[in-house]
Amino acid sequence: MNIGWLTLLLLLPFVGAIATMLVPKAKALTAKQVALGFSLVTLVLTAIVAIGYHRNGAEDYAETHTWIKAFGAHYALGLDGVGIVLVVLTALLTPIVMIASWNDASHGRWSEKSFFAWILGLEALSIGVFSATDVFLFYVLFEATLIPMYFLIGGFGGPQRSYAAVKFLLYSLLGGLLMLASVVGLYVVSAKAGEPSYLLSDLMKLDISQNTERWLFLGFFFAFAVKAPMVPFHTWLPDAAGEATPGTSVLLVGILDKIGTFGMIRFCLGLFPNASEWATPVVLVLALISVLYGALLAIGQTDIKRLIAYTSISHFGFIVMGIFALTSQGLTGSTLYMFNHGLSTAALFLVAGYLISRRGSARIADYGGVEKVAPVLAGTFLFAGLSSLALPGLSPFISEFMVLAGTFSRHKVIAVIAVLGIVLAALYILLMYQRTMTGPVRDGIEKLKDLNAREVLAIAPLVVLIIGLGIFPKPVVDIIKPAVDETMQRVGVTDKAPQIPVTEGQK
Amino acid sequence: MSHELTWLLVAVPAVSAAILLLGGKATNAWGHLLGTLAPVISFAFGVVLFFQMRGHGSEERSETVRLFEWFSVGSIKVDFTLLIDPLSILFVLLITGVGSLIHIYSIGYMEHDPRRRRFFGYLNLFIASMLLLVLAADYLLVFVGWEGVGLASYLLIGFWQHKNSAAVAAKKAFVVNRVGDIGLSLAVMSMWALFGSSAFSTVNAGAEHVSSTWATLLGLMLLLAACGKSAQVPLQSWLLDAMEGPTPVSALIHAATMVTAGVYLVVRSHAIYEVTDAASTAVVIVGTVTALAGAIIGCAKDDIKKALAGSTMSQIGYMMLAAGLGPAGYVFAIFHLLTHGFFKANMFLGAGSVMHGMNDDVNMRHYGALRTPMKITFATFAFGYLAILGIPPFAGFFSKDKIIEAAFADNTVIGLCALLGAGITAFYMTRVMLMTFFGKKRWADDVHPHESPAVMTWPLIILAALSLGGGALYFAGHWIVDWLEPIVGHEEHHPPVSALVMTLITLAVVAVGIVIAVLKYRRDIPREAPAGSPVTVFARRDLYGDALNEAVLMRPGQYLTRTLVWLDNRGVDGLVNGLAALFGGLSGRLRRFQTGFVRSYALSMVFGAAFVVVALLAVRLS
Chain A
1 MNIGWLTLLL
11 LLPFVGAIAT
21 MLVPKAKALT
31 AKQVALGFSL
41 VTLVLTAIVA
51 IGYHRNGAED
61 YAETHTWIKA
71 FGAHYALGLD
81 GVGIVLVVLT
91 ALLTPIVMIA
101 SWNDASHGRW
111 SEKSFFAWIL
121 GLEALSIGVF
131 SATDVFLFYV
141 LFEATLIPMY
151 FLIGGFGGPQ
161 RSYAAVKFLL
171 YSLLGGLLML
181 ASVVGLYVVS
191 AKAGEPSYLL
201 SDLMKLDISQ
211 NTERWLFLGF
221 FFAFAVKAPM
231 VPFHTWLPDA
241 AGEATPGTSV
251 LLVGILDKIG
261 TFGMIRFCLG
271 LFPNASEWAT
281 PVVLVLALIS
291 VLYGALLAIG
301 QTDIKRLIAY
311 TSISHFGFIV
321 MGIFALTSQG
331 LTGSTLYMFN
341 HGLSTAALFL
351 VAGYLISRRG
361 SARIADYGGV
371 EKVAPVLAGT
381 FLFAGLSSLA
391 LPGLSPFISE
401 FMVLAGTFSR
411 HKVIAVIAVL
421 GIVLAALYIL
431 LMYQRTMTGP
441 VRDGIEKLKD
451 LNAREVLAIA
461 PLVVLIIGLG
471 IFPKPVVDII
481 KPAVDETMQR
491 VGVTDKAPQI
501 PVTEGQK
Chain B
1001 MSHELTWLLV
1011 AVPAVSAAIL
1021 LLGGKATNAW
1031 GHLLGTLAPV
1041 ISFAFGVVLF
1051 FQMRGHGSEE
1061 RSETVRLFEW
1071 FSVGSIKVDF
1081 TLLIDPLSIL
1091 FVLLITGVGS
1101 LIHIYSIGYM
1111 EHDPRRRRFF
1121 GYLNLFIASM
1131 LLLVLAADYL
1141 LVFVGWEGVG
1151 LASYLLIGFW
1161 QHKNSAAVAA
1171 KKAFVVNRVG
1181 DIGLSLAVMS
1191 MWALFGSSAF
1201 STVNAGAEHV
1211 SSTWATLLGL
1221 MLLLAACGKS
1231 AQVPLQSWLL
1241 DAMEGPTPVS
1251 ALIHAATMVT
1261 AGVYLVVRSH
1271 AIYEVTDAAS
1281 TAVVIVGTVT
1291 ALAGAIIGCA
1301 KDDIKKALAG
1311 STMSQIGYMM
1321 LAAGLGPAGY
1331 VFAIFHLLTH
1341 GFFKANMFLG
1351 AGSVMHGMND
1361 DVNMRHYGAL
1371 RTPMKITFAT
1381 FAFGYLAILG
1391 IPPFAGFFSK
1401 DKIIEAAFAD
1411 NTVIGLCALL
1421 GAGITAFYMT
1431 RVMLMTFFGK
1441 KRWADDVHPH
1451 ESPAVMTWPL
1461 IILAALSLGG
1471 GALYFAGHWI
1481 VDWLEPIVGH
1491 EEHHPPVSAL
1501 VMTLITLAVV
1511 AVGIVIAVLK
1521 YRRDIPREAP
1531 AGSPVTVFAR
1541 RDLYGDALNE
1551 AVLMRPGQYL
1561 TRTLVWLDNR
1571 GVDGLVNGLA
1581 ALFGGLSGRL
1591 RRFQTGFVRS
1601 YALSMVFGAA
1611 FVVVALLAVR
1621 LS
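So the sequence lines, in the order shown, correspond to chains A and B.
Residue numbers for the first sequence follow my numbering, so the first one is 1 and each next one is one higher.
Residue numbers for the second sequence follow my numbering, so the first one is 1001 and each next one is one higher.
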C-alpha cells in the first residue's frame, strides 16, 4: 500500500509524540528537541505539499480506503483550498508555539515532555480534521482533538485550570453529541438511498428532504458554533484561554477553534446548502452579536489573557459572518481570516505570555510603563495588537475588509453595524497597550527584562508573514479561490453584479 | 521613463524606517542622518519627476504605474497601482520638501533625546505612508497610506509615552480617526458594490451614472473619513490633544501634511461630489463651522501650540469649504493647502524654537519680549504671521483671498462667515505674536532664552521665504490653476462685487482684528490666566467638544461595557452552567472531574464510541 502524502503528514507528528514520550524523564531537553525536530520536519513536508497542491491541484493528495464497511466509513483524506490553508497554519504554529513555550511546562502537573508530546498529538489530529473527506472520520478526529487539548489545559497552566479544562470539555462534548446525532442521521439518509457511505463526495449527491436537511444542519452547526465559539456558547473560551499556558491558548484559539468555522464551510455549506441559506438571517445576526459583544467585553476585561480571548470571539463573529454572507468575497475573506487570525492571535498571546511570565500576573492593573524598560517586548506587543485590530497594510486587514465588503454586497444593514467593530477593536487593543506599556514605570516593572533571542525567534516568522501577506496576499487568496467557487456553486449562489459596471473602454 | 520608478519615492523612506526601527541601538550613532537623507532623496527625485511632467502637454501628465496585483476576489480586482499626476506631484513636493526641512530641524530639536533614532524612524514611516496615501490609484490602497499616517501620528503623539497625557492623547487620536475610517471603509465597500472596483479610474468613470442617493451617501462617507483625518467638526477633538507630541511632529503631521489629507480625499473624489449637491453642501458647512470653531478656540489658548492647533483646524476648515464649492474651489483648496503647509510649518517650528529656548515651556503667559533674544525666530515667525493674516504680498493673501471670494460667489452667508473667520484669525494670531515676542519679559529668573542652533534656524528661514514667495504659484500667470485644471477642473467664480473691492473689505476686517488684539494685549499680561468670561471659558474648553463626547459616548459606553461584563459572568455563564446542572446533575460530575478523575474522561469517550456503534447498527438492522 502506498502511503499518501497526507497520511505521512498525519503520522509524522504522531510518531513524534511517541518518540518524545520514549525519551527518559531525566532528559527533558532532549525530549523537547525531539519534539521540535518532528514539528519542523512536518512543517517542511507541509510546505512541499502546499507547493505541490498549488502547482498540480488536489488529485495527487486524495486517499480513500474503506474503513468500516458496515457503516460506509472510509479512511479518506484530501485537500481543498480551505483545508490546505488550515493545514499549513497548523504546521506553522506548532513549532512556533514550542519555541515560545520552551520553559512554560516545567511546573505542570505532568512531565515537561508530555506537554510537547500532547502538542504533537494535537497537531496530528488537527491535520487529520482539516483533511478528512469522510464525515465519520471527521467526527472521530473532531472528538479526539479534545483529548490532547484537555490535558494541555488541565495539566499546565493557572490555578483554575482544572475547572477550565472540564468546562471546555463539557461544552465541546455537548456540541459533539448533537453533531453525533446528525452524523447518525446522515447515515440513515445515505443507507436509505442505497449503499451507505460517509464519503463527502457521496453524501453531496444525496437528495435530502427539506426538514431532514434542516435538522441535520442544526446538529452540525451547533457543534461548530460552540467550537468557533459564537455568543452565547462562548463562555468556556475566556476561562480556558485565561487558565491555559499562552502556547496552549494559541493552539486552542489559533487552530482548534478554526475547526468550527472550517466545519461550517465544508460540512454546513457543503452538505446542507439549502438549509444553510435558510439559516442565514439568524446566523448573520448571531455573528453580528458576536462581533460587537466580544469586542465590548474585551474592552471591559481586567485580565490580559481573557481580554485576548474575547477579541477572538469578536474575530470569530467576523469569520462566521463572512461565511454566511454567501459571497465570494465573504467566503474568501473568512478563509483568509482564519489564517491571518491564527498569525495575529498567536503573536498577541505569545507576547502577552512573555510579559506575564516575567511579572507573574495577568492583571492589567499590575503593569505600566513597560515600554520604558523593555522596548522590544512593547514593540512586538503593539505590532501584534495592530495586526489584531486589522491595521491596513497588515494581512488581517485584507481578510476583514473582504468579509465586510462581502457582507455589505448582500446585507447592508448588518455590514454597516459590523463596521463599528473596527472602532471597538482600536479601543480594546490600544487601551490595553496604554495601560500596560505606557505611563510611569510601575512598581515591580523596573527590572523587567527585554525579550531574549529565543523569544524573538518565535515571534519573528509571525511578524514577517503578517507584513508579507499584507502587501502580497495573492498566493494565499489564489489557493483559496477554487474551493470558494465550488462552495458557491454548491450552495447555488452567485455574487451580485455591480450596479454600474464600468467596462475597460469607458476607463 | 523615470515615472515608472515612482515607487522609489515611497520605498526609500520605508526602507530607512525599517532600518532605523529594526536596527536597534546599532543605528543610534547615525540614525538621524539616514533618517534625514531619506526624505531628501525622495524630494530630489520628486523634483525630477515634476520637471519631467512639466515637459509634457497638459493632457498627458497623468501616469499610472501598475506594480503588481494586490488581490482579486470574485469579480473584484485590486491592483497595487500608483498614480502620478499634477495633483499628486504637488503633494509629493510638499511632503518631501517640508518634510526634509523638518527632519533637518529635528536633528537639533531632538539632539538630547535618548530615543532620537527611533523618532526619525517614525518620521520616515510617516513620510512613506503619506506618500503612499497621495500616490495610490485605488481607494483601498489610499486606505493603507491613510492608516499608515494614522499609525505614525499615534506613535509620534505618544512619543514621550512615559507621560500619561501623551499616551492618552495618542490613543484618542487613533480611535477618533477610526471613527472616520468607518466612512472610508463603507465608501470602498459601496464602490465595490456599485462599480465592481475601487480604482480611481473606474470610480471617476462611473460616478456620473450613479443614482443621486448613492452619490450623496458616497460623498457623506468620504466626508466622514475626511473629518476624522483633518480634525473637522464633529471629529475635531483629537487635534488639540495631539500637541502632546514633539513640536516637529506638530509641524509636519498636525499642520502641514497629514491633517490636510481629508482635503486631498475630497478633491480627489471630485467626480462624486460633482453629482451630489447635498454632500457638497455638507462639505461646505463642515468646513465653515470648523473654520470658525477653530479660530474661536485659537483665541483663548495660552499654550502656544494649542493656539496654533486651533488655527490649523480653522485653516483646514477654509480648505474644506473651498473643496465643497466644487470646480470653483478645488484649485484654491489645494493652493491654500500648499501655502498653509509653508507658513504653518514655519510657525510651528518657530514655536518649537521658542520652546527650545524657554526650557520647553509652552505657556505664552510666561513669554514676552522674545524678539530681542531670538531675532531669527522672531523674524521668520513674523513672515508666517503676515502670511496667515493674508497681508499682500505674502502667500496666504493670494490663497485665502480667493477662497473668501469664491465663498461669496456661492452664498453670502458662507462668504460672511469666511470673512469673519479672517478677522478672528487676525485677532488670535496678533495675540500670539504680542504675547510671545512683544511686551515685557515675563519669564522666570532661571530661564535664559537663546536663539536656536543653525540646524534649526535654516529650515525656519527657508520656510519663511516660502511663506513670502509661495503666492507666486498663483500670481505668476495663474500657474496653479492651469496646472490642476486638467485633473480637478476649474470654473471662474463671480463674486458679487469686484475682486479688488473684496480684497479691500477683507483687509479692512483683518485690520480690525489686529487693532482689537493690540488694544487688548499691548498692556501687561498676567502670568496667571484670569478667570475669564463665560465665552472665554467656552473657547478654552474647546467649545465643550470633549465634554460632549464624554457625556454622549464615553460614559454610556463604559456603563454598557460594565453591565455586559457583569452579565457575561453571571448571566450567560450562569444560565448555561445552570442548564448543565439541570441536565443530569452535570455539576456534581463537574466537581468530580476537578478532584482529578481525569481518566473518567477516557471512559466517557469509550461510552461515546460505543454509542455511535450501537446507533449505527440499530439503524442498519432496522
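Ideal Cβ positions, reconstructed from N, Cα and C, are used throughout, including at glycine.
This one's a predicted model, so the numbers in the text were calculated from it and none came from an experiment.
Could you list which residues in chain A have their beta carbon closer than 8 Å to that of B:LEU1564, in chain order?
Locating residue 1564 of chain B in the second sequence gives position 564, where the first residue counts as 1. Result: TYR293, LEU296, LEU297 and GLY300.
Between the segment 46-64 of chain A and the segment 75-84 of chain A, are three or more C-beta pairs nearer than 8 Å?
Output reads yes: the segment 75-84 of chain A touches the segment 46-64 of chain A.
What's the C-alpha gap between B:GLY1326 and B:ASP1482?
Within the second sequence, the letter at position 326 stands for residue 1326 of chain B. Within the second sequence, the letter at position 482 stands for residue 1482 of chain B. Using only the alpha carbons, I get a separation of about 16 Å.
Closest to B:ILE1304 by CA distance: which of B:LEU1240, B:VAL1286 and B:GLU1274 is it?
Residue mapping note: residue 1304 of chain B aligns to position 304 of the second sequence, counting from 1. Checking every option, the nearest Cα to that of B:ILE1304 belongs to B:LEU1240.
If you follow the beta strand (DSSP E) that A:LEU448 is in, where does it begin and where does it stop?
Along the first sequence, read from residue 1 onward, the residue named residue 448 of chain A stands at position 448. Looking at the DSSP string, A:LEU448 is not in any beta strand (DSSP E), and its letter there is neither H nor E.
Which of the three DSSP states, helix, strand or coil, is assigned to B:HIS1209?
Translated into positions along the second sequence, residue 1209 of chain B becomes position 209. Here B:HIS1209 sits in coil by DSSP.
Can you have a look at B:TRP1479 and say buried or exposed, based on whether 16 or more other CB atoms are within 10 angstroms of its CB?
Residue 1479 of chain B sits at position 479 when you count from the first residue of the second sequence. B:TRP1479 comes out exposed.
Looking at the structure shown, is A:LEU9 part of a helix, part of a strand, or coil, going by DSSP?
Here residue 9 of chain A refers to the residue found at position 9 when the first sequence is read from its first residue. Helix at A:LEU9.
Against A:VAL477, what residues of chain B qualify as contacts under a CB-to-CB distance less than 8 Å, listed in chain order?
Residue numbering aside, residue 477 of chain A sits at position 477 when the first sequence is read from its first letter. Residues of chain B passing the Cβ test: PHE1071, SER1072 and VAL1073.
State the DSSP-derived secondary structure class of A:GLY158, mapped to helix, strand or coil.
Here residue 158 of chain A corresponds to residue number 158 of the first sequence, with the count starting at 1. Residue state, collapsed to three classes: coil.
Between the beta-carbon of B:VAL1149 and the beta-carbon of B:MET1243, is there less than 9 Å?
As a first step, residue 1149 of chain B must be located in the second sequence, where it is residue number 149. As a first step, residue 1243 of chain B must be located in the second sequence, where it is residue number 243. Not in contact: B:VAL1149 and B:MET1243 (Cβ atoms no closer than 9 Å).
Check whether the segment 266-283 of chain A touches the segment 292-309 of chain A, taking contact to mean three or more Cβ pairs, one atom from each stretch, closer than 8 Å.
Contact between the segment 266-283 of chain A and the segment 292-309 of chain A is absent, because fewer than three Cβ pairs lie under 8 Å.
Assign B:SER1533 to one of two classes, buried (16 or more other C-beta atoms within 10 Å of its C-beta) or exposed (fewer than that).
Here residue 1533 of chain B refers to the residue found at position 533 of the second sequence. By the 10 Å Cβ count, B:SER1533 comes out exposed.
My assumption, with CB atoms under 8 Å, is that B:ILE1084 sits in contact with B:GLU1063. Please give the rounded CB distance.
Counting from one through the second sequence, the residue named residue 1084 of chain B turns up at place 84. Counting from one through the second sequence, the residue named residue 1063 of chain B turns up at place 63. Contact flag correct, Cβ pair sits at about 5 Å.
For chain A, check one thing: does any of its Cβ atoms lie closer than 9 Å to the Cβ of B:ASN1164?
Taking the first residue of the second sequence as position 1, residue 1164 of chain B is located at position 164. So, interface residue.
For the 8 Å Cβ check, are there 3 or more pairs between the segment 392-399 of chain A and the segment 452-459 of chain A?
With the cut-off at 8 Å, the segment 392-399 of chain A and the segment 452-459 of chain A do not touch.
What did DSSP end up calling A:ILE313 once you bin it into helix, strand or coil?
Locating residue 313 of chain A in the first sequence gives position 313, where the first residue counts as 1. Three-state result, A:ILE313: helix.
Mind listing the chain B neighbours of A:VAL419? Cutoff is C-beta to C-beta under 9 Å, in chain order.
Sequence index remark: in the first sequence, residue 419 of chain A carries index 419 (1-based). Ordered by position in chain B, the residues that pass the 9 Å Cβ test against A:VAL419 are ASP1181, ILE1182, SER1185, LEU1186 and MET1189.
Using beta-carbon positions only, say whether B:LEU1125 and B:ALA1014 come within less than 9 Å of one another.
Working through the second sequence from its first residue, we reach residue 1125 of chain B at position 125. Working through the second sequence from its first residue, we reach residue 1014 of chain B at position 14. Contact flag set, yes.
Residues in the same chain with beta-carbon distance under 6 Å from A:ILE289, minus the five sequence neighbours each way, listed in chain order, please.
If you number the first sequence from 1, residue 289 of chain A lands on position 289. Only VAL231 meet the Cβ criterion.
Quick one, which of B:PHE1342, B:GLY1513 and B:LEU1123 has its alpha-carbon nearest B:PRO1459's?
Along the second sequence, one-based indexing puts residue 1459 of chain B at 459. Residue B:PHE1342 is the option with its Cα nearest to B:PRO1459.
Is there contact here, the segment 1418-1430 of chain B with the segment 1509-1516 of chain B, by at least three beta-carbon pairs under 8 Å?
Counting Cβ pairs under 8 Å, three or more are found: they touch.
Could you pull the start and end residues of the beta strand (DSSP E) that A:TRP67 belongs to?
Mapped onto the first sequence, residue 67 of chain A falls at position 67. Its beta strand (DSSP E) spans residues 63-68.
Can you list the residues of chain A that B:ILE1076 reaches, using a CB-CB cut of under 7 Å?
In the second sequence, the residue the question calls residue 1076 of chain B occupies position 76. Chain A residues near B:ILE1076: GLN329.
Establish whether the CB of A:GLN499 and some CB of chain B are separated by less than 9 Å.
To locate residue 499 of chain A, count along the first sequence from 1; it is residue 499. For A:GLN499, the answer is yes, since a Cβ of chain B falls inside 9 Å of its Cβ.
May I ask you to report which of helix, strand or coil DSSP gives A:ALA19?
Counted from its first residue, the first sequence places residue 19 of chain A at position 19. Of the three classes helix, strand and coil, the one that applies to A:ALA19 here is helix, per DSSP.
Take every Cβ of the segment 278-293 of chain A, pair it with every Cβ of the segment 359-366 of chain A, and state whether three or more of those distances are shorter than 8 Å.
Contact fails: fewer than three Cβ-Cβ distances are below 8 Å.
Kindly indicate if chain A contains any beta-carbon less than 9 Å away from that of B:GLU1147.
Translated into the one-based positions of the second sequence, residue 1147 of chain B becomes position 147. B:GLU1147 counts as touching chain A.
Should A:LEU40 and A:PRO95 be called a contact, given that it needs their Cβ atoms to be closer than 9 Å?
Translated into positions along the first sequence, residue 40 of chain A becomes position 40. Translated into positions along the first sequence, residue 95 of chain A becomes position 95. Yes.
Which of the three DSSP states is assigned to B:SER1587 in this structure?
Taking the first residue of the second sequence as position 1, residue 1587 of chain B is located at position 587. Since pLDDT at B:SER1587 reaches only 47, below the 50 mark, its modelled position is unreliable, and the value read off the structure follows with that caveat. Here B:SER1587 sits in helix by DSSP.
Beta strand (DSSP E) containing A:TYR75: first to last residue?
Along the first sequence, read from residue 1 onward, the residue named residue 75 of chain A stands at position 75. 73-77 is the extent of the beta strand (DSSP E) around A:TYR75.
Could you tell me if B:VAL1098 is buried or exposed, where buried requires 16 or more neighbouring beta carbons within 10 angstroms of its beta carbon?
Stepping through the second sequence from its first residue, residue 1098 of chain B is reached at position 98. That one is buried.
Tell me, to the nearest whole angstrom, how far the beta carbon of B:ASP1138 is from that of B:VAL1078; I am working on the premise that it is less than 8 Å.
In the second sequence, counting from the first residue as 1, residue 1138 of chain B sits at position 138. In the second sequence, counting from the first residue as 1, residue 1078 of chain B sits at position 78. Yes, B:ASP1138 and B:VAL1078 are in contact; Cβ-Cβ is about 6 Å, under 8 Å.
So what's A:TRP102 in DSSP terms, helix, strand or just coil?
If you number the first sequence from 1, residue 102 of chain A lands on position 102. Coil, per DSSP.
Looking at the secondary structure, which residues open and close the beta strand (DSSP E) in which B:LYS1077 lies?
By one-based count along the second sequence, residue 1077 of chain B stands at place 77. Its beta strand (DSSP E) spans residues 1076-1084.
If the cut is a Cβ gap below 8 Å, which residues of chain B does A:ILE422 touch?
For the purposes of this step, residue 422 of chain A is taken as residue 422 along the first sequence, with counting starting at 1. By Cβ distance, chain B contributes ARG1178, ASP1181, ILE1182 and SER1185.
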